[in-house]
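2 protein chains.
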Amino acid sequence: MMTTHKATFLPDNKEVSIPEGTTVLKAALLAGIDIASPCGGKGTCGKCAVVILADGNRTQVLACNTAVQKDMTIEIPDKSRLSNQKVLLSEKQLTEGEFWRKYKLAPVAGKYHVSMKKPDLTDNMNDLDRLMKALKTDCGIEDASISLDCLRRLPDAVRKGGFEVTVTVASYRGRSEMIAVESGKAEKPPYGVAVDIGTTTIAASLLDLVKGEVLDREGSYNKQAAYGADVISRIIYADENRDGLENLKAAVISSINGLIDEMLRRNGLAPDDVVAMTCGGNTVMTHLFLGVSPAYLRLEPYLPAAVSFPPVRAKEIGVGIHPEAPVLTIPSVASYVGGDITAGVFATVPDTADELNLFIDVGTNGELVLGNSEWLVTCSCSAGPAFEGSGVSCGARAMEGAIDRIEIDKDSLEVSFSVIGGGKPLGVCGSGLICMLSELQSAGIIDRAGNMKNGHGPEFCLVPEEKSATGSSIVIAESDVKNLLRAKAAVFAGIRTMLSQVQMDINDISNVYIAGGFGSHINVTDAVRIGLLPDLPENKYEYVGNSCIKGAIFGLLSKEALAEMDALAGKMTYIELSIGNQFMEEFVSALFIPHTDISLFPSLTQADEKSGKE
Amino acid sequence: MMTTHKATFLPDNKEVSIPEGTTVLKAALLAGIDIASPCGGKGTCGKCAVVILADGNRTQVLACNTAVQKDMTIEIPDKSRLSNQKVLLSEKQLTEGEFWRKYKLAPVAGKYHVSMKKPDLTDNMNDLDRLMKALKTDCGIEDASISLDCLRRLPDAVRKGGFEVTVTVASYRGRSEMIAVESGKAEKPPYGVAVDIGTTTIAASLLDLVKGEVLDREGSYNKQAAYGADVISRIIYADENRDGLENLKAAVISSINGLIDEMLRRNGLAPDDVVAMTCGGNTVMTHLFLGVSPAYLRLEPYLPAAVSFPPVRAKEIGVGIHPEAPVLTIPSVASYVGGDITAGVFATVPDTADELNLFIDVGTNGELVLGNSEWLVTCSCSAGPAFEGSGVSCGARAMEGAIDRIEIDKDSLEVSFSVIGGGKPLGVCGSGLICMLSELQSAGIIDRAGNMKNGHGPEFCLVPEEKSATGSSIVIAESDVKNLLRAKAAVFAGIRTMLSQVQMDINDISNVYIAGGFGSHINVTDAVRIGLLPDLPENKYEYVGNSCIKGAIFGLLSKEALAEMDALAGKMTYIELSIGNQFMEEFVSALFIPHTDISLFPSLTQADEKSGKE
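Going down the list, the sequences are from chains D and H.
So the first sequence is residues 190 to 803, counted in the numbering used here.
So the second sequence is residues 190 to 803, counted in the numbering used here.
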């Protein structure tokens, strides 16, 4: 017989009945409370601390390795919650001009209003052929198939509208299908959603497909974070837990549906009004979104099930739009270069013949693309999510309350900072961490190898307890510095290795495009100072913001753009950095501020010379 | 609050709990007992008689108009049950030679065994592209898409088989899709089922798609019969009852699944082994099978939702084969000329230039096709199901226990008969009814207009009570004779009208193909004698048996044949008999044995002259 217990969560005051032995982490998930669990419930990250309340005592435990053995009351502190705060959306989204210069509006789904000739005994063509004939005559649409659901609705719709209907046709990747039919002339235009499925955050845009305009945007954390912070933890979770894959799929779909619901609500729309979705994500996210196991992505030779995924209907995976709407994923290049990169490069990097472009996306992972209109190479440098706040004790995501700029006075070592949204700080986000590294080194608190210098203890206090929003001081430890150094070294080593493989040099680069939520907040001067980005004139850098969603929007608005993205993915040559020793050698050389080979950073040498420093 | 009662059915001893007010008919259906209800529960046919047992009393009521108002025990007599007896399958099914003379084996689904090159770090192509590359190299298959389900199974299957897999590819109507994958070399060949979805009976064949052989056959009654005997009753039922369409869809799917289950069991196969299905049915059956409302088929101008239906996956409609298997319906021509006719004509009528062929399918309805390789016209003559035993008090389906031949001695009026399967008779099936009409008239019991002659009461006893299997005598009433006359007149009038529209004559017909379960038992001499079939030499007639399933089999084994059937449906010109007066005039003239214009039946005049009769 199965014994069940009651777990009550405070301050939410939510209660669940669960079998004896269920972990507190799982019980909280069942209660609908998202607890941070970057290590995937392995008991190693310590981020899921909760407090058990019993007999007037308060005992702090980790939710992941504490089993419910009796009725329990559990308090979940704010710091252990997957933040409910809004994700900051990149300011730079679709700039309409960019799109219209290259493509004409030809969205992957459109509504067509047709008036059919009314039938009689001498003209008794069936409903479907009558509709198709009118579609051809009135709208030039031929050879569209019809979904069974749409056919089922056709006879009533046709007659209710007096043989005047509006039919929604989805057209993509060489096929056309009628997916919905309304009586008479439809009141609403067709809407679409474009989604960037990030490992940490998810962004979605709602579009009017007739005007080709972005109507609304929304962002949130990926609820999968409860099962691990990075793609590897999630692959492991999917592989090692019964229903693991299903839970991860459900989490990402639930995250996406939350964004869609919110946008629909704000705009007075219903799920059925949205008749197409495009999305981009890294290869692991795309697998999980579609419920395809990513297990072999972490086992040599690291193969994905696919890079181009079949289109699916929304109902097949549970996305909360029109059930028959196509959900189109932008193809990946390889295991660790996903559709987000394909979309991003397509949307932001000019197709130039005489200039060498570098595209950098540092999010939870780091992906690089280098090339021109003739060729493109790409690689993934396992940078890890340090710059997204994971693996760094004071780290935070780029949200309200996060420190995004830090200055340390070289004499007094007094710390000043700016907080996103103002108020007391919670932690330090990526741009703040980059800035902080640079300042710590400039102020002589750490040396170029990231070691705390004598006189500074094992950690440096950035914000004292009384000025912090968390009630604890915000500190940076040597281990955090080392994690950040590894992350920045991976990116720079990736750039160097890729350049070397095509026998080119940093100075051959004409333009650098910095993408991702990370990219929109980063300060290039700081990033060059710590050796994260190559030492190039600042005017060669461009922040392109969330380039993935921009590509997804382009694909939603233009069948031609979607087809070009499909082709682009196939055109990129993937460089596997783990083959040979070069990457590892470059990586070790880069574990230094800015680099062991200071000649790679001439501007810093000049600056140091100018300011008279070592 | 809803009050529920218990209904117990005897002798089955099945019990259901149902809301107060539920009809006994519906309660029986819920209990899994199929009760005959040719009128669709309107209380008009009287075939659903059951006995309520209460306080030692037996009260006979109609199940359709008796509501359950308290706990009840109900006895269901055999005569009110939709027979559980096996349907007689037509003896003439696929003659292999016919097929192989015209087509090569290229089934709509096939299994392909491929050995992929094993990946390593330098050859890290993803699973799907690796498979597609091998499929192209080893099997010449290009551009096949993949179902999401198949993709989800791919990574494990590939590795379990050491990069050797067998993939099932469905190819039809210009598309190819991978729908299943097995590790290593598959042990079983791909199987398919071809189904004839008749209004009254359903026939199915199981095929080995590698050998191109029919392995097994099975037939049953269409469980939809519980909701009405003919297509019109079923359209009304679907239209006027909540869940009516859903019930009819469920009934036909359940009937088909029963046949498939039985064949799978006998052959030691699992549902997943069957990877394709083709089917043909009249237009109403096809609508109901796919869950598309046929409501407008009975309202002027009698339009179907479609004549060509989209392919669906088995799981979309609940057919018990591989969930991803394509279910392909053979296209209809018009409202009352269905895919069964397209399939039948394709499979049996030669594509001749210099001979005029007539194809006749008299089942629950009557459909006719006339033409040659240049042109084809077709019509439906609402013959009704009299020859299938409905609307005739002594009528029975062509099953064991049915009288299929009758002779009446002209002097003694003694009746002799033969019974299918031997034993005491239950009723008279179609071929017996045709024969009976001819004999009744020859023996002077009825006149040429179908009236009982003086001296014979309102009905004539064919089989006395003691010789009958039902415990009641089997009699034929004048009203039954009139029903049969109307049915035969409709067919003959249809032939005449169609010939007239193409300005041709009975004598221009080179060959007559008689299809349908009805066709395999009919005696041409009798049918000509009563004026059902035109007076042509017997050698011009050919029985083609269940030509629909033959066409479905051809389509399953040959993509080319399937495409030709799609084209054939579009090539037939539908003649609407209800336009103008001609059909009605022909019909009235044909309500006579054999016809008011005896010159249309010269052989009968000669025979009568020879035998010295009037």
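By construction, the Cβ of each residue, glycine as well, lies at the ideal position given by its N, Cα and C atoms.
Please read all numbers here as calculations on a predicted model, not as lab measurements.
Nearest Cα to D/Leu-343 within the set H/Asp-461, H/His-476, H/Pro-378: H/His-476. Of the residues assessed, D/Pro-266 falls on the exposed side of the cut-off, its CB having fewer than 16 other CB atoms within 10 angstroms. Under the DSSP definition of a beta bridge, D/Glu-654 lacks any partner. H/Met-191 is classed as exposed because its beta carbon has fewer than 16 other beta carbons within 10 Å across all chains shown. Judged by DSSP in its simplified three-state form, H/Val-538 adopts coil rather than helix or strand. Taking C-beta atoms as the reference points, D/Leu-218 and D/Glu-264 fail to come closer than 8 Å.
Apart from sequence neighbours up to five positions away, the residues of its chain that approach D/Tyr-426 with a beta-carbon distance below 6 Å are Gly-229, Tyr-416, Gly-417, Gly-433, ordered along the chain.
Around H/Asp-461, the same chain offers His-511 as residues with beta carbons nearer than 7 Å, after the five sequence neighbours per side are excluded. One Cα belongs to H/Cys-339, the other to D/Ala-439, and the distance between them is close to 20 Å. At a cut-off of 8 Å between beta-carbon atoms, H/Glu-505 makes contact with chain D. Taken atom to atom, the span from the alpha-carbon of D/Ala-243 to that of D/Val-257 is near 13 Å.
Within the same chain, Thr-212, Val-213 come within 7 Å of D/Thr-255 by CB-CB distance, once the 5 residues on both sides are set aside.
Counting along the chain, D/Thr-248 sits inside the beta strand (DSSP E) bounded by residues 246-251.
The criterion of a C-beta distance shorter than 8 Å is not satisfied by D/Ala-779 and D/Asn-672. Around the C-beta of D/Lys-400, fewer than 16 other C-beta atoms lie within 10 Å, and the residue is accordingly described as exposed.
Minimum Cα-Cα distance from H/Asp-316 among the listed residues D/Lys-259, D/Lys-203, D/Pro-493 corresponds to D/Pro-493. Counting along the chain, H/Arg-594 sits inside the beta strand (DSSP E) bounded by residues 591-597. As DSSP reads the structure, H/Lys-203 sits in a beta bridge with H/Phe-198. Taking H/Glu-544 as the centre and dropping the five residues before and after it, the same chain places the C-beta of Asn-561, Ser-699, Asn-700 closer than 7 Å to its C-beta, in chain order. By the Cβ test, the stretch 709-722 of chain H is not in contact with the stretch 434-453 of chain H, since fewer than three Cβ pairs between them sit closer than 8 Å. Counting only runs that start and end inside the stretch 372-450 of chain D, the beta strand (DSSP E) elements of at least 3 residues fall at 380-386, 390-397, 402-410. Spanning the alpha carbons of H/Leu-745 and H/Val-558 requires a straight line of approximately 23 Å. Taking all protein chains shown into account, D/Pro-647 has fewer than 16 neighbouring C-beta atoms within 10 Å of its C-beta and is therefore exposed. In the three-state reduction of the DSSP assignment, H/Glu-209 falls in the coil class. Check the Cα spacing between D/Arg-431 and each of D/Arg-487, D/Thr-390, D/Ser-482: the tightest is with D/Ser-482. Its Cα nearest to that of D/Asp-593, the residue D/Gly-616 stands out among D/Gly-616, D/Asn-728, D/Val-581, D/Asn-770. Going by DSSP, D/Asp-550 is part of the beta strand (DSSP E) stretching over 545-551.
H/Ile-634 and H/Ala-679 have their C-alpha atoms roughly 23 Å apart. Collapsing the DSSP output to three states places H/Lys-739 in a helix. Excluding the 5 residues flanking it on each side, H/Asp-694 has same chain C-beta neighbours closer than 7 Å at Leu-688, in chain order. The C-beta of D/Asp-223 has 16 or more other C-beta atoms within 10 Å across all chains shown, which makes the residue buried. Chain H has no Cβ within less than 8 Å of the Cβ of D/Ser-792. Here H/Leu-766 carries a coil assignment [DSSP, helix/strand/coil].
Taking a Cβ-Cβ threshold of 9 Å, the residues of chain D close to H/Val-481 are Leu-337, Leu-340, Arg-341, Leu-343, Pro-344, in chain order.
Its Cα nearest to that of H/Asp-600, the residue H/Glu-628 stands out among H/Gly-578, H/Tyr-361, H/Glu-628, H/Cys-618. For H/Val-356, same chain residues with a beta-carbon under 6 Å away, outside a window of 5 residues either side, are Tyr-301, Met-367, Val-370 in chain order.
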